[in-house]
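All residue numbers for the sequence shown refer to my numbering, where the first residue is 9 and numbers rise by one. Let me begin by presenting the structure, written as structure tokens, before commenting on it.
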Amino acid sequence: MSLRSRIFGALALGIVCLGLLCAALVWQTRAYAQQQQARLLLQTQTYAWEQWQAQQIAALQRLAAQLGEAPAQSLAPRMQAMAKDHPGLRIDLFDQDGQRLDTTAVGGDPAPLLDPFAATPPARGLHQLSAREYSWVQRTRAGRHLLVLSQDAVAVLPALAQRLDGAFHLLNMRGNPVAGTPVAGMPVAGTSADEHFFAQVVVPVRDTQVLTLAADDPRLGGQAALQLVSQPLTGASGGVIGSLVWSRPVSADVLQERLFAQRLALQAGAVLLLVMGGLFLFLRHALDPLARSVQVLESLAQGQTDVALYAGEEDAQDESGSVARSVLQIRTELLSLETLRQERVRTRRQQERLIRDQLRSLAESLDPASREEILLALGTQGGVAASAPTEAPNGLADLASILGRMSGLVSTQQSRLLKLLREVQASVQTQAMLASLQQELEIAREMQLSILPRQTPNRPEIEIAATMIAAKEIGGDFYDYFAIDDDHLAIVIADVSGKGVPAAFFMAISRTLLKSNGLFLRTPGATIAALNDQLCTENDQMMFVTVFYAVLQLSSGQLTYVNAGHNPPILLQQGTAQFFPKGRNMGLAVLEDQRYHEGTLQLSAGDSLLLYTDGVTEATDAHSALFGDPRLLQVVQAFKALPDRRGEARQLTEHIVTEVRRFEAGAAQADDITVVTLTYKGCAP
């Protein structure tokens, strides 16, 4: 963007901001005037209503006094005469027992206005007698009789409208019109059109409001503009009982205000356009010499020294003349520099030609591939130099780069040989280390498998089958079953945190300690508590193990167990399969001095117990979906439905592993898979 455009844009933005500021001030002044007008209208309405209410109350008191002085036999005729002379006036006559003797109300037997014998006379002010009836009430005595007078506020609204220009509407607490006086553009009070109008124009009953509706407002239905002045109507009890709405036709005022705003906007726009047009012309005339100087400088920067300023521009005595003189001086210096540059280019080309010939001779001593690379680079540089006689590139630097490349090629050949030799040596060492490590892992795997039970207990009361598939060469799962005495068999399955060699060592320690504690302490709770304290001692690796340990009484089938944070086993009983209840014991080697709660279960002949590790339920397929507890339970239930289940423990164990492998569908095994199945055959005869 040119300097002229930037200056013009900045000044135009300033002028626009100034215009907007003036418009904001005008708008604020107009808003303040509208607020003052609204306040004046509200004060006028309040004063007129209070004066009119005071007059109505005073008139009601005078009428009550006149009736109070009249003889009893003439009360009824005078009541009827007064009601006829005063529209909206109602008088009820009561005897001393509270019975109404007469009323001026038209039609039927209307309800009394209020309790005539209440202890407190009606308060001074307007009363809401029903949803659509507002009146001033006065009570007086006439001998032994009691008179209650009420003046309907609806009947006197036309008289109030005569004092002020417009019409009045009385709205109840729901905002529905109760009464009003007709005015142009407003529907008659009490009609459906009136209710429809106030349903569209919502008037706040408890707040004051001055609302102006323009003539094009759809709520007016094409009628003249209106101004609604609304304020709460306070009753005799001091609370709000409705709203008084004053409707004023304001078509002329709105039209005059709109025309004034349009004229003001047109005048401001015309002045703004004139100012910006004059500013544009002034800047164009003042900055043209400077723009031409900038164009000349740009051409000189591109090497075009044949450009020049207009004749006489350098003689100007202002800033443009100073810039023009500086441009001429720069052009003179550039012409001198161009002459020196061309001489320097010719000298450098001679040096480059000599060095290139020497480099070609040296390239003959390189291997064929490197020689072709150097000769190709020398030929390309020569081509570039020949194709640009006036704008010679930095050929000396290119030749120095080629020379450095030649040295690098020689060094690279030597480095390749040395690197290849080192890689061969490292590969031989790595292969030897891998072979040794593989042999050690195989020995560790054989040792781990050797500590697992190789034979199942030879007891007719039970059938046991187990399998463990490690995720790595050696794993962290283990299982065991051993006889505590002739009538008790211990069964355990555990999962050590982590995998590999550390988990295998921790597993071996845990199994050894568990078996020794089980043979000595006998009960599962005491055995697991002692094992936990032993594993917590000097557990620097912060490893832990989850264990399910149970003791089965072979003669009775009673199973006593402790679940220390392990997966709940599955009980297969009478054709159904269900999980054990989840235990509340934590894993081992986490906290010392823990108490482990025991559970008991009575097994019947034919019942089976399935123990497993999380390598089964957390097996994943190619989409990272888990095998999960629900799927495991479905697999076990499906096994119960098989027609032939001879050798049930071994068959169920193999069935679980087969289903897990089918679910993985070739996906990598994430954790050790261990499954132990125990089937109770019953007490031997």
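Cβ atoms here follow ideal geometry from the backbone N, Cα and C, with glycine treated the same way. As the structure is a computational prediction, the values presented were derived from the model and not from experiment.
Beta-carbon proximity check, residue i vs residue j, cutoff 7 Å
i	j	result
Asp629	Ala675	yes
His574	Val555	yes
Leu68	Trp144	yes
His631	Gln561	no
Ala502	Phe486	yes
Phe635	Phe671	yes
Leu362	Ala371	no
Asn685	Leu618	The sequence as given places Thr at residue 685; Asn does not occur at that position. Yes, they are a contact pair.
Val504	Gly484	yes
Gln602	Asn540	yes
Gln159	Gly96	yes
Phe490	Ala498	yes
Leu272	Leu308	no
Ala169	Tyr142	no
Ser255	Gly183	no
Arg364	Leu386	yes
Glu656	Thr687	yes
Ala572	Leu596	yes
Ala627	Val665	no
Val248	Arg214	yes
Reduced DSSP secondary structure (H/G/I, E/B, other) of residue i
i	result
Phe671	helix
Tyr604	coil
Ala89	helix
Pro397	Since pLDDT at Pro397 reaches only 43, below the 50 mark, its modelled position is unreliable, and no value is offered.
Asn571	strand
Phe268	helix
Gln104	coil
Leu348	helix
Val392	Note that Val392 scores a pLDDT of 43, beneath 50, so its modelled location is shaky; the value from the coordinates is reported in the next line. Three-state result, Val392: helix.
Leu384	helix
Asp548	coil
Asp110	strand
Arg214	coil
Pro577	coil
Leu411	helix
Ala80	helix
Gly250	strand
Arg467	coil
Arg98	strand
Cβ-based burial, residue i [other Cβ within 10 Å; buried from 16]
i	result
Ser245	exposed
Arg292	exposed
Glu469	buried
Ala91	buried
Leu221	buried
Gly106	exposed
Ser395	Residue placement at Ser395 is flagged as unreliable, the pLDDT there being 43, under the threshold of 50; the coordinate-derived value follows with that caveat. Exposed, by the Cβ-count rule.
Trp35	exposed
Met701	The chain is shown from 9 up to 693; residue 701 falls before or after that span and cannot be answered.
Leu640	buried
Asn180	buried
Phe528	exposed
Ser518	buried
His605	exposed
Pro212	exposed
Tyr40	exposed
Gly391	With a pLDDT of 43 at Gly391, under the threshold of 50, the modelled position of that residue is not reliable, and the figure given next carries that caveat. Gly391 should be labelled exposed.
Ala332	buried
Gly526	buried
Ser301	buried
Rounded Cβ spacing between residue i and residue j (contact assumed at less than 8 Å)
i	j	result
Gln645	Ala585	5 Å
Arg152	Gln104	5 Å
Val253	Leu234	No, Val253 and Leu234 are not in contact; Cβ-Cβ is about 10 Å, not under 8 Å.
Pro124	Leu154	5 Å
Thr54	Gln239	7 Å
Ala613	Lys689	6 Å
Asp93	Leu101	With 8 Å as the limit, Asp93 and Leu101 do not qualify as a contact, their Cβ atoms being about 17 Å apart.
Ser616	Leu660	7 Å
Leu137	Pro130	That pair is no contact at about 11 Å.
C-beta neighbour in chain B for residue i, strict 7 Å
i	result
Ile363	Annotation note: the requested chain B is absent from the structure, which comprises a single protein chain.
> Counting only runs that start and end within the region 583 to 637, where is the beta strand (DSSP E) found for 3 or more residues in a row?
Replying inline: 584 to 587, 607 to 610 and 616 to 620
>> Could you tell me which whole alpha helix (DSSP H) segments of length 4 or greater appear in the region 480 to 529?
In response: 508 to 529
> Residue ranges of each alpha helix (DSSP H) run of no fewer than 4 residues wholly in the region 122 to 206, ordered along the chain?
Replying inline: 161 to 171
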